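Number of protein chains: 2
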Amino acid sequence: MSAPAEPAPELDLTADVLTLTRALVDAPSVSGSEGPLADAVEGALRQLGGLDVERVGDTVLARTSLDRPTRIVLAGHLDTVPIAGNLPSWIDTVDGEDRLYGCGTSDMKAGDAVMLRLAARFGVPGAQPARDLTFVFYDNEEVEAVRNGLGRVARERRGWLYGDLAILLEPTDGVVEGGCQGTLRVVLTVPGKRAHSARSWLGVNAVHGAAGILGTLAGYAAREVEIDGLLYREGLNAVRIEGGVAGNVVPDECRVTVNFRYAPDRDEDQAEAHVREVFADALAAGVTLEVTDSSGGALPGLSEPAVAAFVAATGQPARAKLGWTDVARFAAFGIPALNYGPGDPNLAHKADEHVRLDRLQPAEDALIAYLSGSDA
Amino acid sequence: MSAPAEPAPELDLTADVLTLTRALVDAPSVSGSEGPLADAVEGALRQLGGLDVERVGDTVLARTSLDRPTRIVLAGHLDTVPIAGNLPSWIDTVDGEDRLYGCGTSDMKAGDAVMLRLAARFGVPGAQPARDLTFVFYDNEEVEAVRNGLGRVARERRGWLYGDLAILLEPTDGVVEGGCQGTLRVVLTVPGKRAHSARSWLGVNAVHGAAGILGTLAGYAAREVEIDGLLYREGLNAVRIEGGVAGNVVPDECRVTVNFRYAPDRDEDQAEAHVREVFADALAAGVTLEVTDSSGGALPGLSEPAVAAFVAATGQPARAKLGWTDVARFAAFGIPALNYGPGDPNLAHKADEHVRLDRLQPAEDALIAYLSGSDA
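Chains A and B are the protein sequences, given in the same order. Number 248 in numbering that gives the first Met the number 0 belongs to position 249 of the first sequence; there are no gaps in the numbering. Number 193 in numbering that gives the first Met the number 0 belongs to position 194 of the second sequence; there are no gaps in the numbering.
Structure below.
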């Protein structure tokens, strides 16, 4: 999983956001090998002179302490998915768009570069941001949740995460994506009784027994919910089905893994209760349900003044975040959180991942305007 | 798969059928390693002096040439499933039954021992059986069909298989089991369209699309057919289902493997046509059907005089064979074939496999009576 460690790159935080994005992209940091890049980020932030800096594993934390009435937490992960022959970065013009190509451009080193530009502006002695700032550059976002650097900070340095608003610079194409869906994964196990398929009446076919579950899924009417003016669409899907012993055996078990993506007006318990209700007939007939994965959603919090002010600063209406992101880690502490970044979410994890050059400066500018503003 | 080769055992064909069964069982011959046992069988048959003997791979062929009006083919496989800690053999009394335990006792070295006893009686100079006899001791019955020794004989030495009746000494508990079911395996593939499960409405869930197929299977009313007085029960079963890409992806394919076990009044083409008709709605909706395995059944042929005479010799009414066996290889050449052996079919392939001692001599006696009889 880990790529070999590279020497720490030099990061010049006075360079423009495109130059800085390229410097970050050209320093490979596949999950588990973020160390050299984290070293470079830590070093550059410490040199600024206006930030308290702390290192937790390969996560770098930095913040101003100016006693401003509001504190904004900016978070971005440093790691990328495995490189797909798409490094070092290159610039190309395609479909009339100038683009920076390379692993991690959209997800999310362009966002990290914006954060570093803000640190260079507001994290120096004498700077006067309207809001206090916390920067979280974290590791291991693209891998199993237990390794997630932001999760580790939440467990070990929770105080660093408190603020009035958290902004994750995940790719959102320059539009605020509010909150996030919750996700629940359950395994429904249909029991049966094994028998030779030539004498199948001696057995009970568990795969046939899954007919009702699939019928329920096929007929499920997913809810659409408007929260703070944002539309969340739910979805209940079988993401895996498996059953079978051998080509001549009536299967004694069929397992259906179901993923429920739900709007953030339900909490985790309510989501599970809903799924149990949907499959009530099957459960009454002997099917078992096991929760294998559960992550609550996050409300968009657009009615919070700090959030509304930020949406206004972007000049674009917000939309619902469809998908689970680390904003939920802030939401779990009651901190409004949103996603906003210059990358394109549809390109994440793809070999042709790129970021539009004309998305970079507007993102930096919107955040500068917001952090300089007087409404705080 | 292959066990290490063992030295060829000594086989004394003048010993009683129990002693001979034990000698065969205690010579391990898991599929692919039948060589030493085939050597022993071949050597013992050649010593008898009244048989033409030929070796094809690890299959041993032997026959009388006495110009009798009818020829009976006796066939038994020498191989066993893998040993399950149940060798060497042992005798025990359980539930008031004296039993010989061990891998291959029922399936089907007890049957092979009966064949060897018949060879010792009728395959010596001066013997006067009422019918000519062909013995086929073959290899690799318990593994994929392409390795089956009887199949190889059918391809390379077809003349050896001709006769008026073929008797497979597979375990049938001492009752004639007539004919065999056919078996057809098809894979139904439901197409879909991949999407992130958080935006599932952009995709088409192939697992949900299998609901109709499973519903059809769950509601399928299997036919029961009487042929020559024997009752055949059919069955249509999903033996495997698989679908799923990842825990957060709407699956774009779901594959259901269906096994149709059918009565021998249908041929292979009719069986496939029936399955296509059963799933007509799904096929019309874009599901594809691929035949992966097809073996026709065998009619019981009880109206044939040679078959009726044998059933009479066993003193027990015949019943239908539920399951596919190598009798179909004879049926494909128009040769009536049946299953009749001293083993217990319910114990085949089990660690506690055994044969009742009181089943051995009656099987030998019934065959002696039949082969000595004057009705031929």
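Every residue gets a Cβ at the ideal spot worked out from N, C-alpha and C, and that includes glycine. Bear in mind the structure is a predicted one, so any value in this text is a computation, not a measurement.
Original post:
What are the start and end residues of the alpha helix (DSSP H) that includes Leu359 of chain B?
Top reply: Leu359 to Ser371
Subject >> Selection of the segment 319-336 of chain A by Cβ proximity to chain C, strictly under 8 angstroms >> reply: No chain C appears in this structure, whose protein chains are A and B.
Original post:
What residues from the segment 237-250 of chain B come within 8 angstroms of chain A, judged by C-beta to C-beta, listed N to C?
Top reply: Ala237, Val238, Arg239, Ile240, Glu241, Gly242, Gly243, Val244, Ala245, Gly246, Asn247, Val248, Val249 and Pro250
Original post:
Exposed or buried, what is Gln269 of chain A when buried is set at 16 or more other beta-carbons lying within 10 Å of its beta-carbon?
Top reply: exposed
Subject >> Cβ neighbours of Ala368 of chain B in the same chain (closer than 7 angstroms, five flanking residues each side left out) >> reply: Ala312
Original post:
In this structure, what does DSSP give as the bridge partners for Ile166 of chain A?
Top reply: A:Leu73 and A:Leu337
**OP:** Please list the partners that Leu184 of chain B has in chain A, where partner means a Cβ-to-Cβ separation under 8 angstroms.
**Re:** For clarity, residue 184 of chain B is Arg in the given sequence; the question names Leu instead. Correct list: Gly246.
Original post:
Which of helix, strand or coil does DSSP assign to Gly208 of chain A?
Top reply: helix
Subject >> Per-residue burial, Trp89 of chain B [other beta carbons within 10 Å of its own, 16 or more giving buried] >> reply: exposed
Subject >> DSSP state of Ala22 of chain A mapped onto helix, strand, coil >> reply: helix
Original post:
Which stretch, first to last residue, makes up the alpha helix (DSSP H) that contains Glu289 of chain A?
Top reply: From DSSP, Glu289 of chain A is part of no alpha helix (DSSP H) but of the beta strand (DSSP E) over Thr287 to Ser294.
**OP:** Rounded to whole angstroms, what's the CA-CA distance from Phe309 of chain A to Val93 of chain A? Just pull it up for me.
**Re:** 32 angstroms
Original post:
Would you call the segment 165-181 of chain B and the segment 285-300 of chain B touching, i.e. three or more CB-CB distances under 8 angstroms?
Top reply: yes
Original post:
What's the call for Ala194 of chain B, buried or exposed, on a 16-neighbour Cβ count within 10 Å?
Top reply: buried
Original post:
Quick one, are the C-beta atoms of Ala39 of chain A and Leu10 of chain A less than 8 angstroms apart?
Top reply: yes
Original post:
Residues in its own chain within less than 6 angstroms of Asp97 of chain B by CB, not counting five upstream and five downstream?
Top reply: Leu356
Original post:
Quick one: what's got a C-beta closer than 8 angstroms to Arg157 of chain B's C-beta in the same chain, skipping five residues either side?
Top reply: Phe332
Subject >> Inter-stretch contact (C-beta, 8 angstroms, three-pair minimum) for the segment 316-335 of chain B and the segment 140-157 of chain B >> reply: yes
Original post:
Which partner residues of Thr79 of chain A appear in the DSSP bridge assignment?
Top reply: A:Val29
Original post:
What is the rounded straight-line gap between the Cα of Thr171 of chain B and the Cα of Ala317 of chain B?
Top reply: 10 angstroms
Subject >> Own chain, CB closer than 8 angstroms to Asp25 of chain B, minus 5 neighbours either side, in chain order >> reply: Pro8, Leu86, Pro87, Ser88 and Gly101
Original post:
According to a CB-to-CB cut-off of less than 8 angstroms, which residues of the segment 175-204 of chain A neighbour chain B?
Top reply: Gln180, Thr182, Arg184, His195, Ser196, Ala197, Arg198, Ser199, Trp200 and Asn204
Original post:
What are the boundary residues of the alpha helix (DSSP H) that includes Pro304 of chain A?
Top reply: Pro304 to Thr313
Original post:
Hey, how far is the Cα of Gly48 of chain B from the Cα of Val113 of chain B?
Top reply: 19 angstroms
Subject >> Same chain, Cβ closer than 6 angstroms to Ile240 of chain A, neighbours up to 5 away in sequence not counted >> reply: Val255
Original post:
Does at least one heavy atom of the ligand ADP sit under 7 angstroms from the Cβ of Ala279 of chain B?
Top reply: Here there are no bound small molecules, and the ligand ADP is not part of this structure.
Original post:
With a Cβ-Cβ cutoff of 8 angstroms, do Ser196 of chain A and Asn236 of chain B count as a contact?
Top reply: yes
Original post:
Under a CB-based cut-off of 8 angstroms, is Arg265 of chain A close to chain B?
Top reply: no
**OP:** Using DSSP bridges, identify the partner residues of Phe136 of chain B.
**Re:** B:Val59 and B:Gly75
Original post:
Grouping DSSP H, G and I as helix and E and B as strand, with all else coil, what is Leu235 of chain B?
Top reply: strand
Original post:
Looking at the C-beta of Val206 of chain A, does it have a partner C-beta in chain B at a distance below 8 angstroms?
Top reply: yes
Original post:
Under 8 angstroms between the Cβ atoms of Tyr379 of chain B and Leu337 of chain B?
Top reply: Absent from the model: residue 379 of chain B. The displayed extent of chain B is 0 to 375, so no value can be given.
**OP:** Look at Ala74 of chain A and Ala165 of chain A and say whether their C-beta atoms are less than 8 angstroms apart.
**Re:** yes
**OP:** Check whether the Cβ atoms of Val52 of chain B and Glu41 of chain B lie closer than 8 angstroms to each other.
**Re:** yes
Original post:
For Asp163 of chain A, which residues of its own chain have a beta-carbon under 6 angstroms away from its beta-carbon, when the five flanking residues on both sides are left out?
Top reply: Thr69, Arg70 and Ala305
Original post:
Alpha carbon to alpha carbon, how far is Ile334 of chain B from Leu160 of chain B?
Top reply: 9 angstroms
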